[in-house]
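Please read the structure below before turning to the comments.
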Amino acid sequence: MGTNGCGREGKESKTAATPPPSPSSPPFPPSPPSQPPLPAGSPLNPSLPLPLLSLHPPPSSPTSSYPSRPPLSSLTLPSPSSLTLPLSPLPSSAPILTVFNSPPPSPPSLPLSAHTRAPARESVANSRVSETGEKRRRSLPRPGAETARKVARKIGDDEGLGLASAAKEDKYKGQYIGRLSTLHHDVTGDVYAVDNITVYIEGFSYDGEAPDAFFFAGNQAATPSNRGFIIPDERGRTEVLGPYRNKNLVLKFPVTKKGQRSLNDVQWLSIDFGHVKIPKNVAWPEPQVAAGLQSDRPVVRSSAVRITDTNTFRIDDFTFDGTVQDAIFVMGSGDAEASGVQVLDEKGTKHALKKYNKKTLLLTIPREVRGQPVQYFGVWSPSKGMLASVTFDPDAYIPPSVKSLV
Numbered sequence: 001m002g003t004n005g006c007g008r009e010g011k012e013s014k015t016a017a018t019p020p021p022s023p024s025s026p027p028f029p030p031s032p033p034s035q036p037p038l039p040a041g042s043p044l045n046p047s048l049p050l051p052l053l054s055l056h057p058p059p060s061s062p063t064s065s066y067p068s069r070p071p072l073s074s075l076t077l078p079s080p081s082s083l084t085l086p087l088s089p090l091p092s093s094a095p096i097l098t099v100f101n102s103p104p105p106s107p108p109s110l111p112l113s114a115h116t117r118a119p120a121r122e123s124v125a126n127s128r129v130s131e132t133g134e135k136r137r138r139s140l141p142r143p144g145a146e147t148a149r150k151v152a153r154k155i156g157d158d159e160g161l162g163l164a165s166a167a168k169e170d171k172y173k174g175q176y177i178g179r180l181s182t183l184h185h186d187v188t189g190d191v192y193a194v195d196n197i198t199v200y201i202e203g204f205s206y207d208g209e210a211p212d213a214f215f216f217a218g219n220q221a222a223t224p225s226n227r228g229f230i231i232p233d234e235r236g237r238t239e240v241l242g243p244y245r246n247k248n249l250v251l252k253f254p255v256t257k258k259g260q261r262s263l264n265d266v267q268w269l270s271i272d273f274g275h276v277k278i279p280k281n282v283a284w285p286e287p288q289v290a291a292g293l294q295s296d297r298p299v300v301r302s303s304a305v306r307i308t309d310t311n312t313f314r315i316d317d318f319t320f321d322g323t324v325q326d327a328i329f330v331m332g333s334g335d336a337e338a339s340g341v342q343v344l345d346e347k348g349t350k351h352a353l354k355k356y357n358k359k360t361l362l363l364t365i366p367r368e369v370r371g372q373p374v375q376y377f378g379v380w381s382p383s384k385g386m387l388a389s390v391t392f393d394p395d396a397y398i399p400p401s402v403k404s405l406v
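Structure representation (structure tokens):
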């Protein structure tokens, strides 16, 4: 007995060939064409990586699958000169450019960057728990050792509780100093150092009934006294304070006869009926400054590149001769030779860079790398590669953006 293409049984004929399936029966699917062998002298050489561009947008849903790939040994890569990008502005829904200088990993994995998501796992519950912890890790910059332990404990709590705390997203506020002691007049609030001359008070309350109350700091004694200086309020005024109820405030230390005052030269910060002690030998958050961009062909130069806070960075005295017509700014939290995200220019567009002559540019850190340790910034061209770049310390303690606090 035998079976035909539809699974029906029929009798074998010793003298005649098996009849073709009936017209109503579905035909066999055609066999896929075999791949022609590679020509001689063209095998992939891993020691000479060619730049690959990944323009895949993120998967539309966690259950979507990635297309299968041929083995690396059967790939024929295009030449670098054939890799170009359009210079017209990209729509807001366009995928973000990711640069790869190494062969992609073996299937079914895809190279991941800040804007991609790994394929869905077999266990939905485990996947949710893992995503919760991973989101928490990505949402916070590299803190100091003490804060790192708190963050680690918080991540552990999230992973243990599963989805319970997924909606609670911690906001990076700087170095935690302490809570204002409540002595009288309902003074309360948590104090953070944004940098060494800026403090953030979260949830500040005060009933406004005390006479001549100010924000005050000093260093003549270990506890608050009348010897010190007034810190201007959130509006930059040195007037007597009125009532506050659960307000978030950003206060700047003043410039006095002794110069710019800072957290480094005070022992306490107070409002008459509540205070917090300032710890010593603390590395306060501060902007990170890298050496300038340097390239002669094409000419790309700057005196410095500095990350001012978690949302903003600045290029001082930027010069570019404009001879590479598809050059753009890029930034990444990994290896500059592996992946990156385009940075909008000073006008907020994705256009190719024009000619610059000693311009100071204030740029916004892309959302895809915010909350991650920024490791490099550079000028990159899809046809020429990286033209010039600088690196940053991934463990640096960057100030939070003041706009994100109030």
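Using full-length UniProt numbering, read the sequence shown as starting at 1 and increasing by one per residue.
Beta carbons: idealized from backbone N, C-alpha and C, even for Gly.
Note that the coordinates shown come from a computational prediction; the quantities given were computed from them, not determined experimentally.
Helix, strand or coil at N246 [DSSP, three-state]:
Position 246 of the sequence shown, counting from 1, holds the residue named residue 246. The answer is strand: DSSP assigns N246 an E or B state.
Hey, out of P399, P382, K277, whose CA is closest to G371's CA?
For the purposes of this step, residue 371 is identified with residue 371 of the sequence shown, where counting begins at 1. With distances taken between Cα atoms, G371 lies closest to P399.
Going by C-alpha to C-alpha distance, which of A327, V305, D190 sits closest to K359?
Against the sequence shown, residue 359 aligns to sequence position 359. Here the closest residue by C-alpha is V305.
Can you tell me which residues form a DSSP beta bridge with A291?
Stepping through the sequence shown from its first residue, residue 291 is reached at position 291. In the DSSP output, where bridge partners are listed per residue, A291 has A304.
Is it the case that the Cβ atoms of Y397 and E239 are separated by a distance below 8 Å?
In the sequence shown, counting from the first residue as 1, residue 397 sits at position 397. In the sequence shown, counting from the first residue as 1, residue 239 sits at position 239. Going by C-beta atoms, Y397 is not nearer than 8 Å to E239.
Residues in its own chain within less than 6 Å of F204 by CB, not counting five upstream and five downstream?
As a first step, residue 204 is located in the sequence shown; it is residue number 204 there, counting from the start. Contacts found: G189, Y244, K247, L249.
Give the secondary structure of K403 by DSSP, where H, G and I count as helix, E and B as strand, and everything else as coil.
On the sequence shown, position 403 is the one that residue 403 refers to. In this structure, K403 counts as helix in the three-state DSSP scheme.
Close beta carbons around K277, own chain, < 6 Å, minus the five adjacent residues each side
In the sequence shown, counting from the first residue as 1, residue 277 sits at position 277. Contacts found: W268.
Hey, would you say F216 sits closer than 8 Å to I231, going by beta carbons?
Walking along the sequence shown from the start, residue 216 turns up at place 216. Walking along the sequence shown from the start, residue 231 turns up at place 231. Against a cut-off of 8 Å, the Cβ pair of I231 and F216 comes out as a contact.
Report all residues from its chain with a CB closer than 7 Å to the CB of V406; omit the five preceding and five following residues, and keep chain order.
For the purposes of this step, residue 406 is identified with residue 406 of the sequence shown, where counting begins at 1. Excluding positions up to five away in sequence, the list reads N248, V250.
Residues bridged to K277 [DSSP beta-bridge criterion]
Taking the sequence shown and counting its residues from 1, the one referred to as residue 277 is at position 277. Bridge partners of K277: W268.
In DSSP terms, what A217 is bridged to:
On the sequence shown, position 217 is the one that residue 217 refers to. Per DSSP, F229, L269.
Going by DSSP, what residues sit across from A388 in a beta bridge?
Against the sequence shown, residue 388 aligns to sequence position 388. Looking at the DSSP assignment, A388 forms a beta bridge with V379.
Mapping DSSP to helix, strand and coil, what is V343?
By one-based count along the sequence shown, residue 343 stands at place 343. Strand.
For Q260, which of helix, strand or coil comes out of DSSP?
Reading the sequence shown from its first residue, position 260 is the one you call residue 260. Q260: strand per DSSP, three-state reduction.
Report the rounded CA-to-CA distance for I155 versus V194, giving the unit in angstroms.
Residue numbering aside, residue 155 sits at position 155 when the sequence shown is read from its first letter. Residue numbering aside, residue 194 sits at position 194 when the sequence shown is read from its first letter. The predicted position of I155 is uncertain, since its pLDDT is 36 and thus under 50; a value taken from the coordinates is nonetheless stated next. When rounded, the distance between both Cα atoms is 23 Å.
Measure the C-alpha to C-alpha separation of H185 and H275 and round it to an integer number of angstroms.
Here the question's residue 185 lines up with position 185 in the sequence shown. Here the question's residue 275 lines up with position 275 in the sequence shown. Roughly 12 Å separates the two Cα atoms.
List the whole-angstrom C-beta distance separating Y229 from T256, where the pair is believed to meet the contact cut-off of C-beta under 8 Å.
Position 229 of the sequence shown, counted from the start, is the residue given in the question as residue 229. Position 256 of the sequence shown, counted from the start, is the residue given in the question as residue 256. For the record, residue 229 in the displayed sequence is Phe; it is not Tyr. Indeed, because the Cβ distance is near 6 Å, the residues count as touching under 8 Å.
What do you get for residue 408, buried or exposed, if any count of 16 or more other CB atoms within 10 angstroms of its CB means buried?
Residue 408 lies beyond the residue range present for the chain, which begins at 1 and ends at 406; the question has no answer from this structure.
Would E368 be called buried (16 or more neighbouring beta carbons within 10 Å of its own) or exposed?
If you number the sequence shown from 1, residue 368 lands on position 368. By the 10 Å Cβ count, E368 comes out buried.
Short Cβ contact (8 Å threshold) for L361 with F318:
Within the sequence shown, residue 361 is the residue found at index 361, counting from 1. Within the sequence shown, residue 318 is the residue found at index 318, counting from 1. Taking 8 Å as the Cβ cut-off, L361 and F318 qualify as a contacting pair.
Rounding to the nearest angstrom, what Cα-Cα distance links A94 and G348 in this structure?
Along the sequence shown, one-based indexing puts residue 94 at 94. Along the sequence shown, one-based indexing puts residue 348 at 348. Residue placement at A94 cannot be trusted, given a pLDDT of 46 that sits under 50; what the coordinates show is reported in the next sentence. Distance between the alpha carbons of A94 and G348 is about 15 Å.
I'd like the list of long-range same chain contacts for A336, defined as Cβ closer than 7 Å, with 5 residues on each side in sequence excluded.
As a first step, residue 336 must be located in the sequence shown, where it is residue number 336. Same-chain partners within the cutoff: Y376, G378, M386, S389.
Spatial neighbours of residue 425 within its chain, please: C-beta separation below 8 Å, excluding the five flanking residues on both sides.
With the chain covering 1 to 406 only, the question about residue 425 has no answer from this structure.
Could you tell me which residues DSSP puts in a beta bridge with T223?
What you label residue 223 is simply residue 223 of the sequence shown in a count that begins at 1. Bridge partners of T223: none, in fact.
Span separating the alpha-carbon of G178 from that of Y200
Sequence index remark: in the sequence shown, residue 178 carries index 178 (1-based). Sequence index remark: in the sequence shown, residue 200 carries index 200 (1-based). If I take the Cα positions, the gap works out to 11 Å.
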